[in-house]
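Each remark here refers to the structure printed beneath this line.
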Amino acid sequence: MDEKTLRKNIIKMREDLDEATIRLSSAIITESLFSLKGFTEFSTYFVYNSFRGEVDTNEIINRLKILGKTVLYPLTKGDTMYAVKPEDNSFEKDKFGVYVPTNYSIFDSVDVVIVPLVACDKNLNRMGFGKGYYDRFLRNRKCLKIGICHDFQVVDELCPKEWDVPLDVVITEKRILRR
Ligand code: ADP
Ligand code: MG
């Protein structure tokens with residue numbers, strides 16, 4: 013299957029998931045994430061706001077806040093994605109339909125990135141929505157890159173391009189993959 017078809021098929025399968033399935037998988041993945049050795053020892057966490065059937069990150073964000081961690085969110089401007097810290101509780105939808113902080117400050121350094129993905133393979137290569145935002149963001153960054161996804165998003169083999177940034181860990185509701 014070519015890359016475009018694979019991307020389209022997985023996005024469709026994910027959008028067709030029912031709420032209960034997403035809730036259950038997200039709860040399992042959140043538990044696994046917080047059980048990862050050393051996961052809570054960092055200070056700054058970059059976490060996406062989930063949409064379109066992605067693993068729900070609300071509970072991850074809540075737990076990180078309870079632990080007193082700094083939670084940063086992705087915000088895109090043109091081709092660039094920034095890590096931003098909200099200045100209040102006001103969020104609005106961006107052009108993709110993702111919730112982004114209305115008032116924010118941009119952060120340069122990030123310890124842990126929770127990476128959304130459309131597909132990944134057993135070598136932890138990643139395929140995104142096809143805009144390369146995370147590839148550019150993660151390039152030359154020293155941070156722990158943790159992908160979270162539904163198990164059906166893990167495929168046998170992707171063909172990574174030279175700019176693709178692989179993940180360090182991938183967590184699904186069924187398994188944990190490591191590099
Ligand atoms: P995704 O990772 O979202 O699935 P791709 O890997 O296909 O998307 O990347 C989409 C586009 O982003 C590519 O055409 C590529 O040229 C561009 N891109 C990705 N990373 C970089 C980078 N580090 N520098 C410049 N362009 C990049
Ligand atoms: Mg890529």
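Heads up: the sequence shown runs through residues 13 to 191, numbered per the working numbering. Don't be surprised by glycine CBs; every beta carbon is placed ideally from N, CA and C.
C-beta contact flag for residue i and residue j at 8 Å
{"i": "residue 165", "j": "residue 130", "result": "yes"}
{"i": "residue 133", "j": "residue 170", "result": "yes"}
{"i": "residue 78", "j": "residue 42", "result": "no"}
{"i": "residue 191", "j": "residue 178", "result": "yes"}
{"i": "residue 195", "j": "residue 160", "result": "Nothing in the structure corresponds to residue 195, since the chain is present only between 13 and 191."}
{"i": "residue 22", "j": "residue 185", "result": "no"}
{"i": "residue 34", "j": "residue 80", "result": "no"}
Cβ shell of residue i (< 6 Å), same chain only, five flanking positions each side left out
{"i": "residue 125", "result": "58, 155 and 157"}
{"i": "residue 15", "result": "none"}
{"i": "residue 180", "result": "156, 157 and 191"}
{"i": "residue 117", "result": "97"}
Between the CA atoms of residue j and residue i - distance to the nearest angstrom
{"i": "residue 55", "j": "residue 38", "result": "23 Å"}
{"i": "residue 61", "j": "residue 152", "result": "23 Å"}
{"i": "residue 119", "j": "residue 138", "result": "24 Å"}
{"i": "residue 68", "j": "residue 140", "result": "17 Å"}
{"i": "residue 82", "j": "residue 100", "result": "13 Å"}
{"i": "residue 145", "j": "residue 32", "result": "30 Å"}
{"i": "residue 112", "j": "residue 142", "result": "20 Å"}
{"i": "residue 93", "j": "residue 175", "result": "16 Å"}
{"i": "residue 122", "j": "residue 187", "result": "26 Å"}
{"i": "residue 18", "j": "residue 108", "result": "20 Å"}
{"i": "residue 172", "j": "residue 105", "result": "31 Å"}
{"i": "residue 263", "j": "residue 76", "result": "Shown here, the chain extends from 13 to 191; a query on residue 263 therefore has no answer."}
{"i": "residue 70", "j": "residue 47", "result": "17 Å"}
{"i": "residue 91", "j": "residue 162", "result": "27 Å"}
CB-CB length for residue i against residue j, believed under 8 Å
{"i": "residue 98", "j": "residue 115", "result": "7 Å"}
{"i": "residue 149", "j": "residue 110", "result": "That pair is no contact at about 14 Å."}
{"i": "residue 136", "j": "residue 182", "result": "6 Å"}
Close beta carbons around residue i, own chain, < 8 Å, minus the five adjacent residues each side
{"i": "residue 102", "result": "113, 114 and 115"}
{"i": "residue 13", "result": "21"}
{"i": "residue 168", "result": "133 and 134"}
{"i": "residue 49", "result": "none"}
{"i": "residue 84", "result": "56, 57, 58, 59, 95, 96, 97, 119 and 122"}
Query raised in the report: Looking at C-beta atoms only, is the number of pairs between the region 46-54 and the region 18-35 that lie closer than 8 Å three or more?
Result: Touching, no.
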